[in-house]
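Report on the structure given below.
There are 2 protein chains.
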Amino acid sequence: MQRRKFLKTLGAGAAAGAAVPFLSTASAQETITWDMVTSWPKNFPALGTGANDFAARIERLSGGRMKVRVHGAGELVPAMEVFDAVGEGTAQMGHSASYYWRGKTLASQFFTAVPFGMNTTETNAWLYHGGGLELWDEVYAKHNLKPFPVGNTGTQMAGWFKKEINSLEDMQGLKLRLPGLAGEAMNGIGVTTVNTPGSEIFTSLQTGVLDAADWVGPYNDLAFGLHQVAKYYYTSAWNEPSAILEGTVNLEAWNALPDDLKAVVSEAAMASNLAMISEFAVRNAEALDTLVSEHGVELRTFPDEVLEALYASSQEVLEKQVEADEESRKVYDSYTAFQQKVRRFTDVGEFAYLKTREKVGV
Amino acid sequence: MQRRKFLKTLGAGAAAGAAVPFLSTASAQETITWDMVTSWPKNFPALGTGANDFAARIERLSGGRMKVRVHGAGELVPAMEVFDAVGEGTAQMGHSASYYWRGKTLASQFFTAVPFGMNTTETNAWLYHGGGLELWDEVYAKHNLKPFPVGNTGTQMAGWFKKEINSLEDMQGLKLRLPGLAGEAMNGIGVTTVNTPGSEIFTSLQTGVLDAADWVGPYNDLAFGLHQVAKYYYTSAWNEPSAILEGTVNLEAWNALPDDLKAVVSEAAMASNLAMISEFAVRNAEALDTLVSEHGVELRTFPDEVLEALYASSQEVLEKQVEADEESRKVYDSYTAFQQKVRRFTDVGEFAYLKTREKVGV
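Chains as they are written, first to last, in full-length UniProt numbering: chain A, 1 to 362; chain B, 1 to 362.
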């Protein structure tokens, strides 16, 4: 049903039998028009606009030989059907986050964020120079997908809380919106986590269905107005010290591209990655200022005992997953070995410098 | 003399009268062959290979329509003549560091590194989303150059010292290799700085002409074998918390490019930037491990009073420069205003996360 409807909207030029218009190597000057489905509202700050940015770079780089039509969540397919839509060729490209697909492949968690894991620079080093991207290719090929890092949110925040958290006791029975593996870690310390859709967070906090909610960071949280329904902003990043945004291409569509257009998609992805990192850094800073000075938001950090308990709990949850899933084991081992190595320089470099800046009063 | 010699080596296809082969819009399928001169030995770790990487991305993205021949320092022009060579069109592209050109334009300092300034992510946010790149375009257009960030070293180290530094007193009269504005800041606290060429650092340390030397970081310093001639590695990054690598294009050659090839160069630059950041993160970590475990290098950090004195001194040096130079004032004001804004999120995000990681014992 959906496929027929989709072919109708494709319009002239689309081969009726094939869901995926390919560029034949014989007709190098033909325009390829692809659809990109996303898990975000159209133009959603940084994430939706990030998809637009990735598409625009592809068009510019290909001199217009490739056109990419970006679709917000729900336009062609719902947010949570992007993975299947691209794998099946309903659309040629996707823009989403891999940990949404834990139901399809547990290993996907590691290609977005890992609690107490690597920061943005360390993560990109793993992807581009540590075998991370090769492993992602391996995991996703089984689902007929070719993946690319197309962005990173940088450090995310721990969430909006209606009451202050002064002890581990204060966390007991709390109703918190936090999906995935991080949610399981929270469950392990006595919290009740709920996977509330983004659009329902505001109302759930307002009515008390939720006591707290984790969304992204200042820029996206301000856009959702969450400060109006929860007073305390916990900034203790633990669950998503960085979070990779995923671009996918239908593997057959990818393989059919000539080499220079493969380079176009791949380089556009890399440029989009750096562009989004840079954008989040400044927009988060501006939004944080707005939240604090204009909206009276109070910044807080979890007590040490909460962070320690979350660390222990998240390690348990991770171990349990990789014990039961060989693919997860393989990716996790690569991830953790790399983290141990690369963080040793983060510590004497980046971390030490930030301490110096604080110490001399910059 | 040099130009005639250069045209001889260009070979067939180069118009004898013009030093710069341009792509005419009428002949879209012609190959453009450009020369890229660099300030590094051919294939020098991360920096020389970074130039190769940038060139290779341009070739791949253009489907071979653009070919870029990379020249190590001294092949076509010496390291310190890259700026002029590209501005004059002796070569179409350059790969270097802007602060080498303080003699041409004082404002160039801010497009490499600023003592106690922004880290890598903050710097890229300023360049791509804070007006930094636009200002760089403005400054460099006057010298017939189009600039691009093509890499970043990440946090650099404070240098190799033959004796331990336990007080500000220990710095008095020290002979230290440290060029540019940072060198001037060191002079302000009683140190004698020398601008020794990279290739002479090893011998100068060995013979005692230098008591200490600042080069780059573990990866490049290991390549120079500096650990063999100085025992203490001071890791207190203060002078180059991040350092931008500069790619330049002769402005006329740039303007003559069709839009899609402009996009090729620009996107290749951005991808090269992220690639180098990622490479330095992992190679520095590996080299640091080698230096410490295989070569017995002892890591140290400057005493607080030294860092505080360096901060005061560097602020004085910066103020003096911008007072006397309007262009510097304009760039510096943009840089510092942006740093004040963006670092507020670094502090509750990246910095806080690294503290958390340390606290829970990851």
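Just so you know, even glycine gets a beta-carbon here, dropped at the ideal spot from N, CA and C.
At least one C-beta of chain B is nearer than 8 angstroms to the C-beta of Y353 of chain A. Counting C-beta pairs with one atom in each stretch, the segment 295-302 of chain A and the segment 177-185 of chain A have fewer than three that are closer than 8 angstroms, which means they do not touch. In the pairwise beta carbon analysis, the segment 75-94 of chain A is classified as not touching the segment 210-227 of chain A: fewer than three pairs are separated by under 8 angstroms. Nearest neighbour of V342 of chain A by Cα position, chosen from A:W126, A:G89, A:T153, turns out to be A:W126.
Looking only at A:A275, A:F110, A:G94, the smallest Cα-Cα distance to Y335 of chain A is reached by A:F110. For the segment 121-133 of chain B, the beta-carbon criterion of a distance under 7 angstroms to any beta-carbon of chain A is satisfied by T121, E122, N124, A125, Y128, H129, G130. Of B:V249, B:T153, B:H129, the smallest CA-CA separation from N144 of chain B is found for B:V249.
Annotation: the continuous alpha helix (DSSP H) that includes F224 of chain A extends over 218-224. Within the segment 45-62 of chain A, R57, R60, L61 place their CB atoms closer than 7 angstroms to a CB of chain B, listed in sequence order. G217, P218, T235, S236, A237, W238, P241: these are the residues of the segment 217-248 of chain B whose beta carbon lies less than 8 angstroms from some beta carbon of chain A, given in chain order. Assignment of F351 of chain A by DSSP, reduced to helix, strand and coil, places it in the helix class. Residues of chain A whose Cβ lies closer than 7 angstroms to the Cβ of N273 of chain B are, in chain order, L274. Using a 10 angstroms sphere on the CB of N273 of chain B, the tally of other CB atoms reaches 16 or more, which defines it as buried. Rounded to the nearest angstrom, the gap between the Cα atoms of V68 of chain B and T31 of chain B is 10 angstroms. If you ignore the 5 residues before and after Q339 of chain B, its C-beta comes within less than 7 angstroms of the C-beta of G117, M118, E122, all in its own chain and listed in chain order. The beta carbon of R329 of chain B lies closer than 6 angstroms to those of V322 in the same chain, with the five residues before and after it left out. Annotated as proximal: A113 of chain A and A243 of chain A, with beta-carbon spacing under 8 angstroms. Rounded to the nearest whole angstrom, the CA to CA distance from P303 of chain A to G361 of chain B is 15 angstroms. Under the three-state reduction of DSSP output, A212 of chain A falls in the strand class. By the C-beta criterion, the segment 280-291 of chain A is judged to be in contact with the segment 218-229 of chain A, since at least 3 inter-stretch pairs fall below 8 angstroms. Between F345 of chain B and P218 of chain A, the CB-CB gap stays under 8 angstroms. Comparing C-alpha distances from A271 of chain A to each of A:K42, A:A55, A:K359 shows the shortest one belongs to A:A55. In this structure A309 of chain B is in contact with L168 of chain B, their Cβ atoms being roughly 6 angstroms apart against a cut-off of 8 angstroms. Close partners of E169 of chain B in chain A (Cβ separation under 8 angstroms) are lacking, with about 19 angstroms as the shortest Cβ gap. T33 of chain B and K359 of chain A have their C-alpha atoms some 51 angstroms from each other. Residues of chain A whose Cβ lies closer than 9 angstroms to the Cβ of N119 of chain B are, in chain order, E350, Y353, L354, R357. Not flagged as an interface residue toward chain B: K67 of chain A, since no C-beta distance is shorter than 8 angstroms. Within the segment 298-330 of chain A, the residues whose Cβ lies closer than 9 angstroms to any Cβ of chain B are, in chain order, L299, T301, F302, D304, L307, E308, L310, Y311, A312. As DSSP reads the structure, G151 of chain A sits in a beta bridge with A:L245. Taking the beta carbon of V150 of chain A as reference, no residue of chain B falls within 9 angstroms; the closest one sits roughly 12 angstroms away.
Residue range 82-88 is occupied by the alpha helix (DSSP H) that includes V82 of chain A. Under the three-state reduction of DSSP output, E164 of chain B falls in the coil class, being neither helix nor strand. A:H129 is the residue among A:H129, A:D170, A:P197 whose C-alpha sits nearest the C-alpha of M276 of chain B. Using a Cβ-Cβ distance cut-off of 8 angstroms, the segment 36-44 of chain B and the segment 59-73 of chain B are in contact, since at least three pairs of beta carbons, one from each stretch, lie closer than that value.
With the rule of 3 Cβ pairs closer than 8 angstroms, the segment 146-157 of chain A counts as touching the segment 251-269 of chain A. Residue ranges of uninterrupted alpha helix (DSSP H) with 4 or more members, entirely inside the segment 98-159 of chain B and ordered along the chain, are 120-129, 132-141.
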